[in-house]
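Below you'll find the structure, written out as structure tokens, and then a few comments.
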Amino acid sequence: MKKLPTPYSWILILGLFLILTSCAPGNEKFDVAAANFWAGLWHGFISLFTFIISLFNDKVTIYEVNNVGKLYNLGFILGAMIFYGGGSRSSCGWKK
């Protein structure tokens, strides 16, 4: 029999969700200075959460348009690969 999560677990999950999405792309912080590599890395890492929120909120976007270019793109791709597992999942079960 599986044990159901306690209400405290749900509060913790909701709190973690809010913290992860607090620095989502489309923030007015990037109106002054363009998003750099580290912002791209973070935005790639939280891309699943920002996608879900962007379905309900038009002010949240997945990708920061005001960025420095290639370095932001590299950070975004690396962040997404880290979060989604890259290609490591397909090779973990392979046996000789």
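Counting from 1432, one number per residue, gives the positions in the sequence shown under the working numbering.
All residues carry an ideal CB built from backbone N, CA and C; glycine is no exception.
Bear in mind that the values here come from a model prediction, so they are computed numbers and not experimental data.
**Prompt:** Which residues share a DSSP beta bridge with Asn1498?
**Reply:** According to DSSP, Asn1498 bridges with Ala1466.
**Request:** Within 10 angstroms of the Cβ of Gly1516, are there 16 or more other Cβ atoms? Answer buried if so, exposed if not.
**Result:** Answer is exposed; the Cβ neighbour count stays below 16.
**Item:** Opening and closing residue of the alpha helix (DSSP H) in which Leu1486 lies
**Value:** Element bounds for Leu1486: n/a, residue is neither H nor E.
**Prompt:** With distances taken from CA atoms, which of Glu1495, His1474 and Leu1502 is nearest Asp1462?
**Reply:** Of the candidates Glu1495, His1474 and Leu1502, the one whose C-alpha sits nearest the C-alpha of Asp1462 is Glu1495.
**Prompt:** Given a threshold of 16 other Cβ atoms within 10 Å of its Cβ, counted over all protein chains shown, does Ala1464 qualify as buried or as exposed?
**Reply:** By the 10 Å Cβ count, Ala1464 comes out exposed.
**Asked** In three-state DSSP terms, what is Gly1516?
**Response** Note: Gly1516 maps to coil in three-state DSSP.
**Item:** Three or more C-beta pairs below 8 Å linking the region 1467-1487 and the region 1495-1506
**Value:** When Cβ pairs closer than 8 Å are counted between the two stretches, the region 1467-1487 is seen to touch the region 1495-1506, the count reaching three or more.
**Request:** Report the residue from Phe1468, Ile1513 and Phe1448 whose alpha carbon sits nearest the alpha carbon of Phe1480.
**Result:** The option with the nearest alpha carbon to Phe1480 is Phe1448.
**C-alpha gap between Ser1485 and Val1499, whole angstroms** = Computed Cα separation, rounded: 23 Å.
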